[in-house]
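Heads up: the structure comes next, in structure tokens.
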Amino acid sequence: MTNFRTTTSSSTLPTSIWLPGPHDTATSPAFPAVLPDWAIDKIRTEFTHRPGRKPAALWRLTIHDTNAGMDARTPCTADHAPDTGDSRRTPVILAELHPDTLPVAAPHSRYGTGEQGAIDDGWPGFFHRVQRLLRPDGLLLLATRQRRDAGKLTCPLGLLIATARTAGFRYLQHVVIVHGHAVDDRIVPAPPEGAPPGLIHSDLLVLSAVHTA
Numbered sequence: 037m038t039n040f041r042t043t044t045s046s047s048t049l050p051t052s053i054w055l056p057g058p059h060d061t062a063t064s065p066a067f068p069a070v071l072p073d074w075a076i077d078k079i080r081t082e083f084t085h086r087p088g089r090k091p092a093a094l095w096r097l098t099i100h101d102t103n104a105g106m107d108a109r110t111p112c113t114a115d116h117a118p119d120t121g122d123s124r125r126t127p128v129i130l131a132e133l134h135p136d137t138l139p140v141a142a143p144h145s146r147y148g149t150g151e152q153g154a155i156d157d158g159w160p161g162f163f164h165r166v167q168r169l170l171r172p173d174g175l176l177l178l179a180t181r182q183r184r185d186a187g188k189l190t191c192p193l194g195l196l197i198a199t200a201r202t203a204g205f206r207y208l209q210h211v212v213i214v215h216g217h218a219v220d221d222r223i224v225p226a227p228p229e230g231a232p233p234g235l236i237h238s239d240l241l242v243l244s245a246v247h248t249a
């Protein structure tokens, strides 16, 4: 697989572009997953292995919907790294939010910045609950992609980032995961099954939990 990283200034968050390698298959993920298997493997390599520390486990959440009671319907796959020796270590949490599960407009919540949220808060409450699972500087990886509304591709990233910051996360990095293969000087698209025409990538947001004393 190919990895590019770009930055435009010292104040700009780093953006990486991930392309599948020549031997990575382009199998479409089953709903509600967002990312192909090769990208999950890349996430394990990039985010669970830290210099001088044992690998962290990867908890993979696939979000079916964001209505009240969503926690009870959200499957969690615990991908434990071998020989970690400590089940209490903070995992790296990967949440895949299929675009069909996301609201078009910002939801209204009765909770403020410093409050916890509740089960009926839907996906804003989800951010609050995940933040409480992580120790300081623990990572939440948020995967989603654009969708087509009224004939136009719309991007949910701004709304998600704002909600995550309200719940106590710091936005660290943006990874563009390309659905296609590089051939000479061009990219041959290989969009996921059911994706809208014109979609060629998914987005991975890297967020760090911030805990205040």
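Numbering of the sequence shown is given in the numbering used here, commencing with residue 37 and proceeding in unit increments. Backbone N, C-alpha and C fix where the C-beta goes; we use that ideal spot for every residue, glycine too.
Item	Value
Which residue marks the beginning of the beta strand (DSSP E) containing G187, and which one marks its end?	Neither: G187 is in no beta strand (DSSP E) and is coded neither H nor E.
Quick check: H100 and R181, are their CB atoms within less than 8 Å of each other?	no
Is DSSP giving R133 helix, strand or coil here?	The question names Arg, yet the displayed sequence has Leu at residue 133. Correct three-state label for L133: strand.
Restricting to Cα atoms, I'd like to know which of L208, P228, H210 is closest to G19.	Any answer about residue 19 is impossible in this case: the structure gives the chain only from 37 up to 249.
Could you tell me the distance, in whole angstroms, from the CA atom of I76 to the CA atom of V219?	23 Å
What is the DSSP secondary structure of F67, reduced to helix, strand or coil?	coil
Cβ atoms of P56 and A93: under 8 Å apart, would you say?	no
In three-state terms, what does DSSP make of Q167?	helix
Going straight from the alpha carbon of P65 to that of P72, what length do you get?	5 Å
Enumerate in chain order the residues of its own chain whose CB-to-CB distance from R184 is below 6 Å, with the five nearest sequence positions on each side excluded.	P232
If I measure Cβ to Cβ from H134 and keep anything under 7 Å in the same chain, skipping five residues before and after, which residues do I get?	F67, P68, V70, I99
In the structure shown, what three-state DSSP assignment does R206 receive?	strand
Should H59 go down as buried or exposed, given a rule of 16 or more other Cβ atoms within 10 Å for buried?	exposed
For W74 and A203, I'd like the C-alpha separation in whole angstroms.	30 Å
Buried or exposed, going by whether 16 or more other CB atoms sit within 10 Å of the CB of A198?	exposed
If we ignore side chains and look at the alpha-carbon of each, how far apart do P143 and P160 end up?	For P143, the predicted structure reports a pLDDT of 48, less than 50, and the residue's modelled location is therefore unreliable. The matter cannot be settled from this model.
Are the Cβ atoms of V242 and L208 separated by less than 8 Å?	yes
Which class does P225 belong to by DSSP, given the choice of helix, strand or coil?	strand
Under 8 Å, do A245 and D136 count as touching if we go by C-beta distance?	no
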